[in-house]
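Engineer: Plus 474 on top of the position in the sequence shown (first one is 1) and you've got the working numbering.
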Amino acid sequence: MALMDFKTITKPDPPEVTVQAGTAPDGKLTLELVSLKLSDVAFLPASVAAVPVGVLSMLLSEPAASAVREFLTGQTLDVPLPQPLGTSFPVGDSEVKVRLDRPELGSHNGMLLISGTASVS
């Protein structure tokens with residue numbers, strides 16, 4: 475058990491995140507955090523030793539939420555797509571493998587679309 479324990483509470487719980495997906499020139503999936511709905515981050519004391527620090531943390535909950543929003547909004551992450559994409563699942567005593575060769579990213583009705591040639595074995 476740690477000397478100072480805290481329970482973290484966010485408003486809303488969980489925070490609402492909007493991410494925009496796209497394709498980088500090298501074929502990676504690019505994710506950008508477009509918006510983060512987070513109005514409060516509270517660190518509630520969960521141990522007696524944490525109470526003095528907990529009072530201070532409650533005063534900083536709204537500024538902390540604002541700092542987190544400002545830091546994360548606009549951040550991007552490139553996710554390499556494995557070549558090929560695939561999965562497998564058991565069917566009776568066998569395993570069925572589904573593979574998507576040369577995945578291409580696109581969109582359909584505002585949603586991320588990953589297409590390619592599927593092979594099943």
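Glycine is no exception: its CB is placed at the ideal position from the N, C-alpha and C atoms.
(1) Which residue comes first and which comes last in the alpha helix (DSSP H) that contains G528?
(2) Spatial neighbours of D552 within its chain, please: C-beta separation below 6 Å, excluding the five flanking residues on both sides.
(3) Using the beta-carbon count (16 or more within 10 Å), is G566 buried or exposed?
(4) How do the region 503-520 and the region 537-549 stand: do at least 3 beta-carbon pairs fall below 8 Å, yes or no?
(5) Exposed or buried, G548, counting other C-beta atoms within 10 Å across all chains shown (16 or more means buried)?
(6) Leaving aside the five residues before and after S595 along the sequence, list all residues of the same chain whose C-beta is less than 7 Å from its C-beta, in chain order.
(7) Identify, in the order they occur along the chain, each residue of the same chain with its Cβ nearer than 7 Å to the Cβ of V491, setting aside the five sequence neighbours on each side.
(8) When DSSP labels each residue in this structure, what does L546 get in the three-state scheme?
(9) Using the C-alpha atoms, what's the distance from R573 back to Q494?
(10) Between T561 and the rest of its own chain, which residues show a CB-CB distance below 6 Å, the 5 nearest in sequence each way excluded?
Structural biologist: Inspection of the coordinates gives the following:
(1) Element bounds for G528: 525-533.
(2) Cβ neighbours of D552 beyond the five flanking positions: A498, K502, T504.
(3) G566 is exposed by the Cβ-count criterion.
(4) Yes: at least three Cβ pairs fall under 8 Å.
(5) So G548 ends up on the exposed side.
(6) Only K571 meet the Cβ criterion.
(7) Once the five neighbours on either side are set aside, the close Cβ partners of V491 are L507, L510.
(8) For L546, the three-state secondary structure derived from DSSP is helix.
(9) The alpha-carbon atoms of Q494 and R573 are separated by roughly 25 Å.
(10) Cβ neighbours of T561 beyond the five flanking positions: V572.
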